[in-house]
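My numbering puts the first residue of the sequence shown at 19, with every later residue one more than the last. Beta carbons are placed, not taken as given, at the ideal position from N, Cα and C, and that holds for glycine. Here's the structure, in structure tokens; my notes come after.
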Amino acid sequence: MKKLLFLLAFVPLVSFGQFSKGTKMIGADLSYTSIKYEISSDVPTTNTFFSVTGHMGFFMSESFALGPIVNVFANNTPSFNPVTNLFEDRKTNGLAGGIYARKFFTISEQFFFSLEGRGLIGTINRDENSSSGEEKNTRLNLSFRPVFTFMPNRKWGFDAGIGQIYYSSNWTNSSIRERYFQTNLGQVSLGVNYFIGR
19 MKKLLFLLAF
29 VPLVSFGQFS
39 KGTKMIGADL
49 SYTSIKYEIS
59 SDVPTTNTFF
69 SVTGHMGFFM
79 SESFALGPIV
89 NVFANNTPSF
99 NPVTNLFEDR
109 KTNGLAGGIY
119 ARKFFTISEQ
129 FFFSLEGRGL
139 IGTINRDENS
149 SSGEEKNTRL
159 NLSFRPVFTF
169 MPNRKWGFDA
179 GIGQIYYSSN
189 WTNSSIRERY
199 FQTNLGQVSL
209 GVNYFIGR
């Protein structure tokens, strides 16, 4: 009996989303992170990150959407410069475009679960506020995240993304500067979508 109840609980997760081929989805989501820490025992600092993403998806089937995506972000990280013996704000901002894909699973009439993948390429502007001045880099970002959606009606949906796995590569015209793979389980993003043709 317990096994049967367990299987019944997961039946909605493997059913198709209640959409149709040709439906369009227009939306945006934002993410904000603020982390306080101490560089030294008496100097508290805050690292902030803000990101806004806009997208338009085209449903290729009842549960799979694909489309273009645009992302803008800004980041501020305080750091200590041993040369000047001063604290400096390392500010970065960037603009990128690419594609995203999203697979929907039905939980109920109003709640959906989806898995979303994103591929972005764009520029990063770094203002180190130091002798190195400002420099521009190119970035490539690949990410994968789970998203929960609540739809109070057939046209509007509200997203909550919790955590993500991503790979990022940043480079200049001459050589690659940095590459990293990271899992961020604490990142939360909120978004809204409008569905056309549903």
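- Boundaries of the beta strand (DSSP E) around R136: F129 to D145.
- With fewer than 16 other CB atoms across the displayed protein chains lying within 10 angstroms of its CB, F199 is exposed.
- For secondary structure counted as the beta strand (DSSP E) over 3 or more consecutive residues, the segment 55-95 holds these complete runs in sequence order: 61-77.
- Under the 10 Å beta carbon count, E127 is surrounded by fewer than 16 other beta carbons and is classified as exposed.
- The distance from the Cβ of N155 to that of N111 is about 11 Å, inconsistent with a contact at the 8 Å cut-off.
- Within the same chain, and ignoring the five residues on either side of I214 in sequence, the residues whose Cβ sits closer than 6 Å to its Cβ are K42.
- Rounded to the nearest angstrom, the gap between the Cα atoms of S52 and A83 is 32 Å.
- DSSP places V101 in the coil class of the three-state scheme, outside both helix and strand.
- Residue environment: E134 is assigned as buried (16 or more neighbouring CB atoms within 10 Å of its CB, all protein chains considered).
- 8 Å or more divides the Cβ of I87 from the Cβ of G40.
- Between F77 and S38, the alpha-carbon positions lie close to 7 Å from each other.
- Around the beta carbon of T71, 16 or more other beta carbons sit within 10 angstroms, so the residue counts as buried.
- Remark: C-beta atoms of G45 and N159 do not approach each other more closely than 8 Å.
- Counted as a single uninterrupted DSSP element, the beta strand (DSSP E) harbouring N188 occupies residues W174 to W189.
- Of the residues Y118, N65, G209 and R108, the one whose Cα lies closest to the Cα of D145 is R108.
- Judged by DSSP in its simplified three-state form, R216 adopts coil rather than helix or strand.
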